[in-house]
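Below is one structure, written out as structure tokens; comments come after it.
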Amino acid sequence: MNLLSSKLIFHRASGLVLLLMVTFTAFGQRRSEEEIKRIQDAKIAIITNRLNLTPEQSVGFWPMYNEFSQKRRELHRAQRKIINDKKAEGQTDEQVLSNLKEVQELRQKELDLEKDYQNRFLKVISASQVVELYKAERTFNDMLIQRLKQRKEEKPNE
3 MNLLSSKLIF HRASGLVLLL MVTFTAFGQR RSEEEIKRIQ DAKIAIITNR LNLTPEQSVG
63 FWPMYNEFSQ KRRELHRAQR KIINDKKAEG QTDEQVLSNL KEVQELRQKE LDLEKDYQNR
123 FLKVISASQV VELYKAERTF NDMLIQRLKQ RKEEKPNE
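Residue numbers (the working numbering): 3 to 160.
The following block contains the structure:
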């Protein structure tokens with residue numbers, strides 16, 4: 003599997019996680035700060051394990067990765083806001099098309115962000131480690147999806 007297809011799979015998995023998170027939030031299931039911290043800690047553990055960073059790499063990588071993650075979350079929030087706040091009902095085709103274009107522009111910004119940070123990551127970690135980062139994020143997202151599915155199965159009426 004080449005880097006581009008790995009990135010595409012990662013991007014799609016991220017979108018799926020985003021959709022699931024929106025769905026669960028819509029049903030009123032809010033995560034506690036403690037649960038969010040546990041989720042973040044698990045993600046860090048998976049990435050740390052997969053990348054096998056040296057101490058020098060860790061010093062440069064983690065602040066950059068955290069900044070990247072925050073910017074990506076902001077783009078996802080903006081996409082959710084457009085999708086949730088601008089329902090198609092009662093809107094003209096032009097208005098709906100405008101909303102779709104806004105979401106596409108945000109997706110393009112996300113792709114540009116990923117390209118930019120990939121180049122930044124390559125100054126601190128190897129290309130193989132960047133690929134492992136994408137794999138680790140995908141693994142984490144898959145695990146999160148499974149956890150959400152299990153929770154839904156355990157509490158079907160909520």
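C-beta atoms are modelled at their ideal positions from N, C-alpha and C, and glycine is treated no differently. Values in this document were obtained by computation on a predicted structure and should not be read as measured data.
Which whole-angstrom value is the C-beta distance of L53 and L135, which I expect to be below 8 Å? 6 Å
Counting pairs of Cβ atoms below 8 Å between the stretch 110-127 and the stretch 61-79, do you hit three or more? yes
Counting only runs of 4+ residues fully inside the stretch 40-104, write out the alpha helix (DSSP H) ranges in chain order. 57-87
Mind checking which residues open and close the alpha helix (DSSP H) that includes I147? Its alpha helix (DSSP H) spans residues A129 to E156.
So does the stretch 131-149 actually touch the stretch 37-56, counting three or more Cβ pairs closer than 8 Å? They touch, by the three-pair rule.
Drop a sphere of 10 angstroms on the beta-carbon of L113, count the other beta-carbons inside from all chains shown, and report buried for 16 or more, exposed for fewer. exposed
I84 and E58 - do their beta-carbons sit closer together than 9 Å? no
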